[in-house]
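K.L.:
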DNA sequence: CATTCCTTTGAAAAGGTTTTCAAGCAGTTC
DNA sequence: GAACTGCTTGAAAACCTTTTCAAAGGAATG
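Protein chains in written order, with our numbering: chain A, 6 to 345; chain B, 6 to 345.
(1) Just the C-alpha distance for residue 130/A and residue 72/B, rounded to the nearest angstrom, thanks.
(2) For residue 262/B and residue 271/B, what's the separation of their Cα atoms in angstroms?
(3) Taking the alpha-carbon positions, what's the residue 331/B to residue 27/B distance?
(4) Rounded to a whole number of angstroms, what is the C-alpha to C-alpha distance between residue 154/B and residue 306/B?
(5) Is the CB-CB distance between residue 254/A and residue 193/A below 8 Å?
(6) Given residue 21/A, which residues of its chain have a CB within under 6 Å of its CB, disregarding the five upstream and five downstream residues?
(7) Checking contacts by CB at 8 Å: is residue 56/B closer than that to chain A?
(8) What separation, rounded to the nearest whole angstrom, lies between the Cα atoms of residue 3/B and residue 311/B?
(9) Please list the terminal residues of the continuous beta strand (DSSP E) segment that includes residue 336/B.
(10) Using the beta-carbon of each residue, which ones in chain B are nearer than 8 Å to residue 12/A?
(11) How about residue 38/B and residue 31/B: are their beta carbons less than 8 Å apart?
(12) Give me, in chain order, the residues of the same chain whose beta-carbon lies closer than 7 Å to that of residue 223/B; leave out the 5 immediate sequence neighbours on both sides.
(13) Mapping DSSP to helix, strand and coil, what is residue 280/B?
(14) Report the residue ranges of all beta strand (DSSP E) runs contained in full by the segment 44–104 of chain A; include only those spanning at least 3 residues, in chain order.
(15) What does the Cβ neighbour count give for residue 340/B, buried or exposed, with the cut at 16 atoms within 10 Å?
(16) In whole angstroms, give me the CA-to-CA distance for residue 176/B and residue 170/B.
(17) Run through DSSP, which three-state label would residue 241/B get?
(18) Cβ of residue 155/A less than 8 Å from any chain B Cβ?
(19) Just the chain A side, please: which residues come within less than 9 Å of residue 103/B by C-beta, in chain order?
(20) What are the boundary residues of the alpha helix (DSSP H) that includes residue 35/B?
(21) Just curious, the alpha helix (DSSP H) that residue 199/B is in, first and last residue?
(22) For a cutoff of 8 Å on Cβ pairs, would you count residue 59/A as touching chain B?
(23) Does DSSP put residue 18/B in a helix, in a strand, or in coil?
(24) Check each candidate in 336/B, 58/B, 96/B and name the one with the smallest Cα separation from residue 70/A.
(25) Quick check on residue 29/A - is its C-beta less than 8 Å from some C-beta in chain B?
(26) To the nearest angstrom, report how far apart residue 329/A and residue 139/A are at their CA atoms.
(27) Can you find a CB in chain B that lies within less than 8 Å of the CB of residue 264/A?
(28) Spell out whether any CB of chain B is found under 8 Å from the CB atom of residue 85/A.
(29) Is there a Cβ of chain B sitting closer than 8 Å to that of residue 287/A, yes or no?
(30) Taking the straight line between their C-alpha atoms, what separation do you get for residue 302/A and residue 238/B?
(31) Between the segment 277–309 of chain B and chain A, which residues of the former have CB atoms less than 9 Å from a CB of the latter, in chain order?
(32) Strictly below 7 Å CB to CB, what residues from chain A border residue 88/B?
(33) Using 8 Å as the limit for Cβ to Cβ distance, is residue 275/B near chain A?
(34) Looking only at its own chain, which residues have a Cβ that is under 6 Å from the Cβ of residue 250/A, when we skip the five neighbours before and after it?
(35) In its own chain, which residues sit with a C-beta less than 6 Å from the C-beta of residue 283/A, not counting the 5 before and 5 after it?
(36) Taking just the CA atoms, how far does residue 321/B sit from residue 314/B?
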């Protein structure tokens, strides 16, 4: 026995005095092995500290045991939570994770998608809010297992995991309406994201259900640059009839709104109520604590893995769509509005 | 040509009318191929959209083009920034990244280290503050390229990238001493982390240089549970001679200290000054803005990749140690102390 | 012209596992 | 007693690539 080299299945077979087939059966817990032989093989494995070679295993099994995860960037708590869910579920399913960070370069998305679909991984999780159809078609054409995370186009031909965006926005808006707010400023995300459109519908529907029309002047679009969000607030305040509440489609924007108002010595919630979306960690630690719509990010990651594994195990299984429920988390940043 | 199956090197060889050896030489950019044949093979590869099979490649024992990244968890901004640096540097060096999240389960660390060293990846980046010697020895014995990120045991046999922990803590403490503080409470991280020990030395050295002895009652250890940090503050306040400033080894703890003080209506910085470590994003947005020691996390990630690539390209190259410089970021959470 | 050397090319082995197929054997059924 | 069944076992193929070795051919050297 050469001690400078790792033990292989052949070494174990020799040591136990059986064939490699039998060792393989023991390793994989297959039936049809006499108990005493199984024991002898296990002892030999133990003695040689045998670990099956992953590459060889997967070479023959045609599965790579790796799934890809495509994200824009890692710098947000949102992504951290999604990946935590994905990561734990993958560990349980015994998959490794290859991380593809696109840094918002569309070329890279296409490049990665192609590389992955050509056999680099067994499946792909896509956590990129605006998905270019070009490479999605590639994935679909190749019948390559993939799941879109946090989009809500339930009619598409790709599987997806999302949340009840419409209902979440509807709940938040209704809550403000119940608090007697009639002018509710809205700061949206990119309107081309399907989830932004759903949330916008929820906002409008809640207004309509209270007999209110929506005012286009109260709808502004964020662009993810902090000073910009502050300027949107100023635009609201400059209106003849400024909003008494502001609802944003993400908590980061909501916190910036609160910060802007604080600097202007406008009190939250007494002068203006604020509602966010996502329920990130800072929402709880902010002053005042931010009322927001809980976004089950961790669970979303786990659900995505579940669907992906199903697709990998049953190639050609039909697309599935899961919608997880949002929840309004009422804290301190809203209060009843009296015209007085 | 069966279109239902992925193209292999054999298919390419047939299509180009050459042997598999020749295709292999083209794929790996080896010499000894006539230019016109090289071109013909490349065209065939293109036409069949051939991608070499990773497992097979790795099985026979060459580079896999993947490096592993071992982290505890993804939920912190700290990790997000490190991985951003790593990720960008790896993209430039044309490596893929396999992510191993240990979730603080020591068994998983060993398991991952073994898997990786078996040849699953070409190198391993370890961003785990307390590194178990057991699997490090495995890596060293196998002469497997690896880099420890954010530890500062420069005398070890493994390469590492760290920061000037001693100097950072020394600077922060000196700053407080210059502001006339004489009782400086310290909230440390896990004392078994080498970086905590270095920072503690810096704290003590600064005191000594100002002719002060350190008071053990002023040194407490954080355990990363939010209510706990608040209790440490209470312990400080209960002292006969409570501290006039508090220095913590991470910003999250510092922010919790500030929050605890705010709830107790103790003003920062007028009543107590606070200094953190790391300079996370929330440090700038907190009220008051947190004075802290800047930790070049992103750069650390890039530097780690640089060393790792060097080790992969020159197997057996001696360990390297890089120390990046910290910087005191003076903001609003400290002020001059007058006994009055 | 014979020998040596270099470049180009292909055949074949190696790498470690799973899986398929066939064979051996004991027990059961007619 | 012959045929059949079910369990156990092993031989060999398959998975896809890299690498080693040998052969073939042409150019340079003696």
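Glycine is no exception: its CB is placed at the ideal position from the N, C-alpha and C atoms. For clarity, every value in this text was computed on a predicted model and none was experimentally measured.
P.N.:
Per the coordinate set shown:
(1) 20 Å
(2) 11 Å
(3) 52 Å
(4) 7 Å
(5) yes
(6) 45, 46, 49
(7) yes
(8) In this structure chain B extends from 6 to 345, so residue 3/B is not present and cannot be described.
(9) Neither: residue 336/B is in no beta strand (DSSP E) and is coded neither H nor E.
(10) Within chain B, no residue comes near residue 12/A; the closest Cβ sits about 12 Å away, beyond 8 Å.
(11) yes
(12) 188, 189, 190, 191, 248
(13) strand
(14) 71–76
(15) buried
(16) 10 Å
(17) helix
(18) no
(19) 71, 101, 102, 103, 104
(20) No alpha helix (DSSP H) holds residue 35/B; DSSP gives it neither H nor E.
(21) 199–214
(22) yes
(23) helix
(24) 58/B
(25) no
(26) 27 Å
(27) yes
(28) yes
(29) yes
(30) 33 Å
(31) 286, 287, 290, 292
(32) 79
(33) no
(34) 181, 186, 189, 278
(35) 255, 256, 300
(36) 12 Å
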